[in-house]
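The numbers in my numbering rise by one with no breaks, and the one at position 79 of the sequence shown is 86.
Think of the CB as a built atom: it goes at the ideal place given N, C-alpha and C, for glycine as much as any other residue.
Report on the following structure.
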Amino acid sequence: MTTTVRPVSGARDLRAFIEFPYRHYAGHPHWVPPLRYDQRRLLDRRHHPFYRQATAEFFLAERDGRPVGRVAAIHNRAHNEFCHDATGFFGFFETEDDPATARALLDAAAAWCAGRGLTALQGPVSPSTNYECALLIEGFDRPPAFMMPYNHPYYAGLIEAAGFVKAKDLLAYWLSDDHPFPEKLASVTGRLMQRYGLTTRDIRMDRLDEEIDRIFKVYNDAWSSNWGFVPMSREEIAAMAADFKWVVDPRVVYIAERGGEPVGFLLALPELNLILKDLGGRLLPLGWLRLLRARRRLDVLRVLAMGSLKEYQSMGFAAALYHDIVTRGTAAGYHHAEIGWVLEDNVMMNRAAEMLGSKCYKRFRIYHKDLTASAGAGV
């Protein structure tokens, strides 16, 4: 039985590309089916703002007319311009446990990127590090947090067998309120906020466009020195905010200010995967109602993003933001949180997470392959 890999062509192929994971993970106790509506939007190369700065090709692997895997090859011009490199990316990677199929998919992505003059392939990113990214390599016994990946344990071996090596690991932490916030840390962060005249406030949902501008300013500055960072466009952040608006709890999304100017922010969301797990990827006919009702009863947070302007990053500001989310989250009735992801070598952020009493409980990996080295042997 021969496996063939071909580009997605037309609505029927795209539907097969989107539907493959739902069959591939059917009955899995931990995989959480994403909303099909969200997947269709994210893969819409005509309208999603990500593709205004990027180009992508989607590939399906088939055997006997049946899909057995998929992958996207991505040329992210925003990344290349910002990082001054020629790296291409692969994402949305799923495959049956077959080395030949996995290699054929990754070779197709590599050949497409090489054909566009790119000299390296990195991933998985779906479609960039600003969205769901990396491969789960430790922590398979727990379901994923919202916007975090889950995959079969055999994926790492298949990717490595195709010639990829580790580029960077990302960490996720688990925090519960059965570990009281260290009094010394609370005192230190309080003095820090007072010394520099820093205050925090809830996000104003009735002035969301203005708040997006404030977060946009901080986000792209705060993360700009981080490995793998890709600046988000204003349109991307606005699209993401529109997706989150209906599930945001304003009590756990806040902006830090000094003299009325934004200097930091923290975005946490109720852990929606606890609800999505039972919706089967569909909001209709009653999924919306179930989601909105159940959201109010969730006691788990997903700390999705946080940061401060560069000039404040050496002040221990991360600990202050963490302190605030613990205080706010507890007052709002949340008892647990996932913090992540955090780069494995981001000493300041990892130290701040550990000082809270949180434990590193999951590890994810982004892989890299040099396409110039493999060009002679055929990508």
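Minimum C-alpha distance to residue i - residue among the options
i: Pro277; options: Tyr226, His342, Leu215 and Asn158; result: His342
i: Glu335; options: Phe171, Arg202 and Val307; result: The question names Glu, but residue 335 is Arg in the sequence shown. Among Phe171, Arg202 and Val307, the Cα nearest to that of Arg335 belongs to Val307.
i: Ala360; options: Pro41, Ala179 and Thr337; result: Ala179
i: Arg22; options: Thr11, Val39, Val12 and Gln46; result: Gln46
i: Ala43; options: Ala174, Met356 and Gly294; result: This sequence places Arg at residue 43; Ala is not what is there. The candidate whose alpha carbon is nearest that of Arg43 is Gly294.
i: Ala248; options: Ile262, Ala121 and Leu274; result: Leu274
i: Pro388; options: Asn280, Arg202, Val225 and Ser16; result: Nothing can be reported for residue 388, as the shown portion of the chain is limited to 8 through 386.
i: Ala380; options: Ala121, His159 and Trp234; result: Ala121
i: Lys224; options: Gly364, Met322 and Gly314; result: Gly314
i: Thr10; options: Tyr226, Leu142, Arg84 and Arg110; result: Arg110
i: Arg149; options: Pro160, Cys140 and Gly130; result: Pro160
i: Arg303; options: Glu243, His54 and Asp256; result: Asp256
i: Arg372; options: Arg265, Tyr261 and Tyr157; result: Tyr157
i: Glu88; options: Val237, Ala301 and Asp71; result: Val237
i: Ala301; options: Leu311, Cys90, Ala245 and Val254; result: Val254
i: Ala263; options: Asp104, Phe324, Glu217 and Gly288; result: Phe324
i: Tyr58; options: Arg77, His86, Pro36 and Arg211; result: His86
i: Gly235; options: Glu26, His375, Leu49 and Gly197; result: His375
i: Met362; options: Trp230, Ala33 and Pro189; result: Pro189
i: Gly271; options: Leu296, Pro106, Ala327 and Met8; result: Ala327
i: His54; options: Ala246, Lys175, Gly197 and Asp71; result: Ala246
i: His37; options: Leu283, Leu298 and Ser365; result: Leu283
i: Asp104; options: Leu305, Gly98 and Tyr162; result: Tyr162
i: Val260; options: Phe97, Ile210 and Thr206; result: Ile210
i: Leu391; options: Tyr32, Leu286, Val75 and Val310; result: Nothing about residue 391 can be read from this structure; the chain reaches only from 8 to 386.
i: Leu142; options: Pro14, Phe100, Pro106 and Ile332; result: Phe100
i: Ser183; options: Lys173, Ala229, Thr337 and Phe96; result: Thr337
i: Tyr319; options: Ile332, Ala229 and Tyr368; result: Ala229
i: Arg30; options: Met8, Gly288 and Val354; result: Gly288
i: Ser16; options: Pro106, Arg52 and Met356; result: Arg52
i: Arg48; options: Asp250, Arg214, Asp20 and Gly267; result: Asp250
i: Val354; options: His91, Arg297, Asn233 and Arg19; result: Asn233
Endpoints, alpha helix (DSSP H) assigned at residue i
i: Ala118; result: Pro106 to Gly122
i: Arg211; result: Here Arg211 belongs to no alpha helix (DSSP H), and DSSP marks it neither H nor E.
i: Val12; result: Where Val12 is concerned, there is no enclosing alpha helix (DSSP H), although the beta strand (DSSP E) it sits in stretches over Thr10 to Pro14.
i: Ala127; result: No alpha helix (DSSP H) holds Ala127; the beta strand (DSSP E) holding it covers Ala127 to Gly130.
i: Asp51; result: It is not in any alpha helix (DSSP H) - Asp51 carries neither H nor E in the DSSP assignment.
i: Val225; result: Leu215 to Ala229
i: Met247; result: Arg241 to Phe251
i: Gly17; result: Gly17 to His31
For residue j and residue i, believed in contact at Cβ under 8 Å, the rounded distance
i: Gly164; j: Arg370; result: Their Cβ separation, rounded to whole angstroms, is 16 Å, which puts Gly164 and Arg370 out of contact at 8 Å.
i: Ala152; j: Arg258; result: The Cβ separation is near 19 Å, so there is no contact.
i: Leu125; j: Leu378; result: 7 Å
i: Phe66; j: Val12; result: 5 Å
i: Leu128; j: Ala115; result: Actually they are not in contact, since the Cβ atoms of Leu128 and Ala115 sit about 11 Å apart, beyond 8 Å.
i: Ala93; j: Pro134; result: Contact flag wrong, Cβ pair sits at about 18 Å.
i: His330; j: Ala193; result: 6 Å
i: Trp181; j: Glu351; result: Actually they are not in contact, since the Cβ atoms of Trp181 and Glu351 sit about 16 Å apart, beyond 8 Å.
i: Asn137; j: Glu242; result: At roughly 12 Å, the Cβ-Cβ gap does not stay under 8 Å, so Asn137 and Glu242 are not in contact.
i: Ala68; j: Thr102; result: 7 Å
i: Phe27; j: Arg77; result: 5 Å
i: Ser231; j: Gln60; result: About 16 Å; that fails the 8 Å criterion.
i: Leu311; j: Met212; result: Contact flag wrong, Cβ pair sits at about 16 Å.
i: Tyr203; j: Met322; result: 7 Å
i: Leu177; j: Trp348; result: 4 Å
Three-state class that DSSP yields for residue i in the structure shown
i: Asp256; result: coil
i: Asn137; result: coil
i: Asp71; result: coil
i: Glu101; result: strand
i: His82; result: strand
i: Ala263; result: strand
i: Phe236; result: coil
Heavy atom of the ligand FAD within 7 Å of residue i beta-carbon
i: Val310; result: The ligand FAD is not part of the structure shown, which contains no ligands of any sort.
Span of the beta strand (DSSP E), counted from its first residue to its last, around residue i
i: Tyr368; result: Lys366 to Asp377
i: Leu276; result: Glu268 to Pro277
i: Ala93; result: It is not in any beta strand (DSSP E) - Ala93 carries neither H nor E in the DSSP assignment.
Exercise for the section: Go through the stretch 282 to 355 residue by residue and report every complete run of the alpha helix (DSSP H) that reaches 4 residues or more, in order. Expected result: 294 to 302 and 324 to 338
Practice task
Taking only runs that begin and end inside the stretch 141 to 208, name each unbroken beta strand (DSSP E) of 3 or more residues, in chain order.
Solution key: 142 to 145 and 172 to 183
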